[in-house]
Amino acid sequence: MAEECAVQVAVDVPLFGTFSYLTHLPLRAGQRVRVPFGPRRVCGFITNDIPTEGIEIGRLKRVEELFDELPPLPATLLAMVRFAADYYHHPIGQTLFTALPGALRTDCAVRLEDERLWQLTGAGLAEEPPARQKARRALWQALQDGPLTNAAVRAVSAQAGRILADWLQEGRAERVPPEPLPLRVAPAPSLNDEQQRALEALSETRDDFAPYVLHGITGSGKTEVYLRLIERVLAAGRQVLLLVPEINLTPQLIERFTGRFPATRVVMLHSHLADGERLKGWVDAWQGRAGIVIGTRLAVFTPLPRLGLIVVDEEHDSSFKQQDGLRYHARDLAVWRARQERVPIVLGSATPSLETMANVAAGRYRRLTLSRRAHDAARLPAIRLVDTRRIKLVEGLAEAVIAALKARVARGEMSLVFINRRGFAPVVACHECGWLSGCPRCSAKLVVHLAERKMRCHHCGWEEAVPHVCPDCGNVDLKPLGQGTQRLEAALARLLPEARLLRIDRDTTRHKAAWDEVYRKVRAGEVDVLVGTQMLAKGHDFGALSLVTVLNADGGLYSADYRAAERLFAQLLQVAGRAGRAEAPGEVLVQTQWPEHPLYQALLRHDFDGYAQTLLEERRMAGFPPAVHQALLRADAYELASATAFLTALRAEAEPHADGVLVSGPAPALMVRLANRERAQLVFESGSRAALHALLERLVPLAERLAKTHGRALRWSLDVDPQEM
379 MAEECAVQVA VDVPLFGTFS YLTHLPLRAG QRVRVPFGPR RVCGFITNDI
429 PTEGIEIGRL KRVEELFDEL PPLPATLLAM VRFAADYYHH PIGQTLFTAL
479 PGALRTDCAV RLEDERLWQL TGAGLAEEPP ARQKARRALW QALQDGPLTN
529 AAVRAVSAQA GRILADWLQE GRAERVPPEP LPLRVAPAPS LNDEQQRALE
579 ALSETRDDFA PYVLHGITGS GKTEVYLRLI ERVLAAGRQV LLLVPEINLT
629 PQLIERFTGR FPATRVVMLH SHLADGERLK GWVDAWQGRA GIVIGTRLAV
679 FTPLPRLGLI VVDEEHDSSF KQQDGLRYHA RDLAVWRARQ ERVPIVLGSA
729 TPSLETMANV AAGRYRRLTL SRRAHDAARL PAIRLVDTRR IKLVEGLAEA
779 VIAALKARVA RGEMSLVFIN RRGFAPVVAC HECGWLSGCP RCSAKLVVHL
829 AERKMRCHHC GWEEAVPHVC PDCGNVDLKP LGQGTQRLEA ALARLLPEAR
879 LLRIDRDTTR HKAAWDEVYR KVRAGEVDVL VGTQMLAKGH DFGALSLVTV
929 LNADGGLYSA DYRAAERLFA QLLQVAGRAG RAEAPGEVLV QTQWPEHPLY
979 QALLRHDFDG YAQTLLEERR MAGFPPAVHQ ALLRADAYEL ASATAFLTAL
1029 RAEAEPHADG VLVSGPAPAL MVRLANRERA QLVFESGSRA ALHALLERLV
1079 PLAERLAKTH GRALRWSLDV DPQEM
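Encoded structure:
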């Protein structure tokens, strides 16, 4: 038996550090094992060997099993996990397991289909089966033309697998890796001069870190620039990682990428895939079989041995920030990864985030601009503000908006009615006593979903039936307040009886094939009016769309979140950009009670740069990111007083070490109550990232120790570079 040694193992538990185990196996960092942990058996990963001097060997538990179906995790992935755990001050085990497909998080072996090809050896070729052995003869003849895949083998005969297993044992057949297919590129549209200049600039750096911001207006052809750049990367034998913010953006992209590169393996990675499907794509990327990986935020961790380029599309989107567990930002990790692996990275957007614009201003990122639309006939849409202060609305719509919709339907053009609320209406109200349909578990209102006759909380998932009478006073005349997508759809059906409507929100796109059906209907000309939420504000190209109308945009102006104006402006520019992307000129109508507001005035001019500079200056004067670095420590308990007491004690212990860091709070969170728990928070701000992280290093063990004195009901979490307050 081999000499026993000690190893460190990372497991998926909310505890900092790794755990020591004893083994006689020759284990390496990155290998997957099963270990005992308390009364359980759990999956773990070796992080490193450790010297046994000073360790009481007799107290160590043993590694029980090695899972060796796959090679050890690559060093680049382990390094990225360590960085993420350190930067976000999160347990290393939980960080590692967040980065992995679900199938690799279990304490059992995984099964992967052997994708090597079957071929005959010299001995097999020399001996032709007799005619009476029909299945063997058919298989032998099929293999004369060259190696076969597993699927091709099964198509020959149901007995083919068993026959080949026999031949393999007899030395008459063998498994060989598939030959890589040569790069094939389908014909592409020509680039305009701006796109060509951007492509040449992006191609200047191939084998070193270089961060670029591709700032292109909506419809300017950013994706075509990506495709041309990716073609050059693939031609050099490298792999590409493309991050997108939403799953619903991937069907169009996958179709476009597979059409452009028909011989290249394109892998899609996101949370809606089955475990087996996701594992296969992840392993194909890791083993170099996939040339292009397209995925949502978690795909940033995908190992790629020949990585040559990272693209983050719609880089401004808040979906790149994980809001629970490991609270990482995929865009920021992508930039770190590009630097570590010495490859260029492209951050693309029509509305870059203020953090990205600050990096451009500081000279850390190079900005490339696409200022006009790629389609020769396309122009930016004309934007008009519809002042709703002194007019009567019909079902929430101004007469001018209704008339514009009717005109588009009559001309056979498509329209989009945009409202950032799903459901029938935001709230049910009693006008007798003032009762509102609040969530019993959150500081939020229940949204009416009329088709199901239910009210649902979009924060915690609580749902209940729509009441027939007021629970407080018994009034039977309950009425919906506000407007959601379902109520808007019903109203448009009455106002535009001849129009074919299609509602798009989380409720109608839950199923895997939902977006494929949306695109099919749009392309087939089966839709006159789209009714949708923010899901339609980004990335989609509906060529026939000529009118966009925006309802209830003013809500973003009232928010206590300092990021609200930035997000509203980006959202409005993005949704406006859906119009006029082909021959039909585009028009955007925005209903508002504040037409003089600087945000709307900048929107009229399509003036992203001007308004971004205004916001950056406001942030600088107020001391908000990106002018400073920020972290948020939140506590929640069944009573707000318990969370506040914990944070008060934590601040008292942490503040003497807060050199150069401003500590604010404790204060109630913007949404105080969530899922029956009440939340408070401390905010830490500093102009020095190093000073902030030095304090956070002290803060985490302090919080762990203090939390134990406040009972199990108290929970806390740390969010570095928070996107929501």
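Residue numbers (the numbering used here): 379 to 1103.
We put the CB at the ideal spot given by N, CA and C, even for glycine.
Fair warning: this is a prediction, and the values are worked out from it, not measured in the lab.
Take the Cβ of residue i as the centre, count every other Cβ of all protein chains shown within 10 Å, and call the residue buried at 16 or more, exposed below.
| i | result |
| --- | --- |
| Asp-1099 | buried |
| Gly-852 | exposed |
| Ser-731 | buried |
| Cys-817 | buried |
| Gln-547 | exposed |
| Val-764 | buried |
| Pro-683 | exposed |
| Ile-424 | buried |
| His-846 | exposed |
| Gln-702 | Checking the displayed sequence, the identity of residue 702 turns out to be Asp instead of Gln. Its Cβ having fewer than 16 others within 10 Å, Asp-702 is exposed. |
| Thr-396 | buried |
| Gln-537 | exposed |
| Leu-521 | buried |
| Tyr-1016 | exposed |
| Leu-393 | exposed |
Between which two residues does the alpha helix (DSSP H) harbouring residue i extend?
| i | result |
| --- | --- |
| Ala-501 | 500 to 504 |
| Asp-1097 | That residue, Asp-1097, is in no alpha helix (DSSP H); its beta strand (DSSP E) goes 1093 to 1098. |
| Met-999 | 986 to 1000 |
| Arg-744 | Run containing Arg-744: none in the alpha helix (DSSP H); it sits in the beta strand (DSSP E), 744 to 748. |
| Thr-734 | 732 to 739 |
| His-1071 | 1067 to 1087 |
| Lys-512 | 512 to 520 |
Given residue i, which residues of its chain have a CB within under 6 Å of its CB, disregarding the five upstream and five downstream residues?
| i | result |
| --- | --- |
| Ala-1027 | Leu-1084 |
| Ala-1019 | none |
| Leu-982 | Ile-761 |
| Arg-1051 | Cys-820, Ser-821 |
| Leu-405 | Val-385, Ile-424 |
| Phe-587 | Ala-716, Arg-717, Arg-720 |
| Arg-998 | Ala-1005 |
| Glu-1063 | Val-1006, Gln-1008, Leu-1040 |
| Leu-324 | The requested residue 324 does not occur in the structure, where the chain is confined to residues 379 to 1103. |
Within a Cβ cutoff of 7 Å, which residues of the same chain sit near residue i, ignoring the five residues on either side of it in sequence?
| i | result |
| --- | --- |
| Glu-1033 | Val-1041 |
| Glu-876 | Val-787 |
| Ala-1047 | Arg-1012, Arg-1057, Ala-1058, Gln-1059 |
| Gly-654 | Ala-481 |
What residues in its chain sit with their C-beta under 8 Å from that of residue i, if we drop five residues either side in the sequence?
| i | result |
| --- | --- |
| Ala-922 | Glu-791, Met-792, Val-900, Gly-903, Ala-960, Ala-962 |
| His-694 | Ser-727, Thr-729, Pro-730, Ser-731, Thr-734, Ala-948 |
| Met-379 | The pLDDT assigned to Met-379 is 47, lower than 50, so where the model puts this residue is not dependable; a value taken from the coordinates is nonetheless given after this. Around Met-379: His-402. |
| Arg-872 | Glu-773 |
| Glu-867 | Leu-879, Arg-881, Val-909 |
Please tell me whether residue i and residue j are closer than 8 Å, where the distance is taken between their beta carbons.
| i | j | result |
| --- | --- | --- |
| Val-420 | Glu-443 | no |
| Val-795 | Thr-927 | yes |
| Leu-612 | Thr-642 | yes |
| Ala-1009 | Leu-1092 | no |
| Ala-752 | Asn-570 | yes |
| Val-554 | Leu-495 | yes |
| Ala-1000 | Gly-988 | no |
| Phe-1002 | Leu-951 | no |
| Val-907 | Leu-935 | no |
| Arg-361 | Tyr-466 | Only positions 379 to 1103 of the chain appear in the structure, and residue 361 is not among them; the question remains open. |
| Pro-1111 | Thr-992 | As displayed, the chain neither begins before 379 nor continues past 1103, which places residue 1111 out of reach and without an answer. |
| Gly-408 | Leu-438 | no |
| Thr-499 | Glu-552 | yes |
| Glu-810 | Cys-848 | yes |
| Leu-748 | Gln-573 | yes |
| Thr-766 | Gln-969 | yes |
| Phe-639 | Val-563 | yes |
| Gly-422 | Ala-388 | yes |
Can you tell me where the beta strand (DSSP E) with residue i in it begins and where it stops?
| i | result |
| --- | --- |
| Ser-1064 | 1055 to 1064 |
| Gln-864 | Run containing Gln-864: none in the beta strand (DSSP E); it sits in the alpha helix (DSSP H), 863 to 873. |
| Gly-673 | 670 to 673 |
| His-827 | 825 to 827 |
Q: Kindly provide the ranges of any alpha helix (DSSP H) runs that are 4 or more residues long and lie completely inside the region 414 to 491, ordered along the chain.
A: Listed in chain order, they are 453 to 465, 470 to 476.
Q. Curious, which full-length beta strand (DSSP E) runs of at least 3 residues does the region 756 to 793 contain?
A. For the region 756 to 793, the continuous beta strand (DSSP E) assignments of 3+ residues that do not extend past its boundaries occur at 760 to 765, in sequence order.
Q | Whole runs of the beta strand (DSSP E) within the region 547 to 632, excluding any shorter than 3 residues | A | For the region 547 to 632, whole beta strand (DSSP E) runs of length 3 or above, ordered along the chain, are 551 to 554, 588 to 594, 617 to 621.
Q.
Give the list of continuous beta strand (DSSP E) stretches no shorter than 3 residues that lie fully inside the region 918 to 957.
A. Listed in chain order, the beta strand (DSSP E) elements of length 3 or more contained wholly in the region 918 to 957 are 923 to 928.
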